[in-house]
Amino acid sequence: VTGEGKEKAITISTSTDTQGNYDKIKDFLTEYNTLINEITKLYNAESAKDFEPLTDEEREAMSDEQIEKWEGKIKSALLRRDSTLGNIMNAMTNAMSQSYEIDGQKFSLSSFGISTLGFLNAAENEQNAYHIYGDEDDENTSGKKDKLMAAIQENPDQVTAFMKQLTMNLYTSIDEKMKSTALSSA
455 VTGEGKEKAI TISTSTDTQG NYDKIKDFLT EYNTLINEIT KLYNAESAKD
505 FEPLTDEERE AMSDEQIEKW EGKIKSALLR RDSTLGNIMN AMTNAMSQSY
555 EIDGQKFSLS SFGISTLGFL NAAENEQNAY HIYGDEDDEN TSGKKDKLMA
605 AIQENPDQVT AFMKQLTMNL YTSIDEKMKS TALSSA
């Protein structure tokens, strides 16, 4: 660049924001985990078969707190074993567990040190939640090797391409399930 007879050199350097990319993936998994845990909880809710709606006479004999607990029990079981909810849950977990091809190689979340804790190690209704190995904020996996950060540092484009395929498949899978029901706001 020149100006009034003086030459100035401008240096432009580019670098990958590895922490920013890592945080985006972590944020995505946090949102996914919140949603899948809630769906799993609703699907696996305890039965309320012994809890019929209250009659006027029964309401009069109960305190407001008792009525609220009674009705809460009924509401919490409304989606128990619901087929639409189950189909959505299965679509989500299937999309997340698939492998995707990038540059002739197959990758899955586990390739980047991201996995569930498994049925035996996960908290109740959290068996479908994903954890990043080496995530210092996750007491379950903080002591493991951080393969995700290493992969982002080594080949950020590969990680980005994988995450794009995974999220697109997840979105498409959920969208297909929503189209198959009159409850399109599911």
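Just so we're aligned, residue 455 is where the sequence shown starts under the numbering used here, counting upward by one.
Every residue gets a Cβ at the ideal spot worked out from N, C-alpha and C, and that includes glycine.
From a predicted model like this one, the values you see are computed outputs, not experimental measurements.
When Cβ pairs closer than 8 Å are counted between the two stretches, the stretch 483 to 499 is seen to touch the stretch 527 to 546, the count reaching three or more. Take the alpha-carbon of Tyr625 and the one of Tyr486: they are about 12 Å apart. If you draw a straight line from the Cα of Asp536 to the Cα of Ala499, it comes to about 10 Å. Non-local C-beta neighbours of Asn579 in its own chain, meaning closer than 8 Å and more than five positions away in sequence, comprise Asn491, Thr494, Lys495 and Asn498, ordered along the chain. If you check the CB distance, Asn582 and Thr595 do not come in under 8 Å. Taking 8 Å as the cut-off, the Cβ atoms of Ile542 and Ile479 do not count as close. The bridge partners DSSP lists for Tyr554 are Phe561. Around Gly540, the same chain offers Tyr497 as residues with beta carbons nearer than 8 Å, after the five sequence neighbours per side are excluded. Check the Cα spacing between Phe566 and each of Thr509, Met617 and Asp510: the tightest is with Met617. In this structure, DSSP gives Glu485 a helical state, which the three-state scheme calls helix. Contact between Ile568 and Leu483 holds: CB atoms are separated by about 7 Å, below the 8 Å threshold. By the CB criterion at 8 Å, Gln552 and Ser562 fall inside the cutoff.
Rounded to the nearest angstrom, the gap between the Cα atoms of Glu522 and Arg534 is 19 Å.
When DSSP states are grouped into helix, strand and coil, Lys599 belongs to the coil group. Here Ile606 is buried: its Cβ has 16 or more other Cβ atoms, across all protein chains shown, within 10 Å. The beta carbons of Ala615 and Ile556 sit closer together than 8 Å. Of the other Cβ atoms in all chains shown, fewer than 16 fall within 10 Å of the Cβ of Met622; this residue is therefore exposed.
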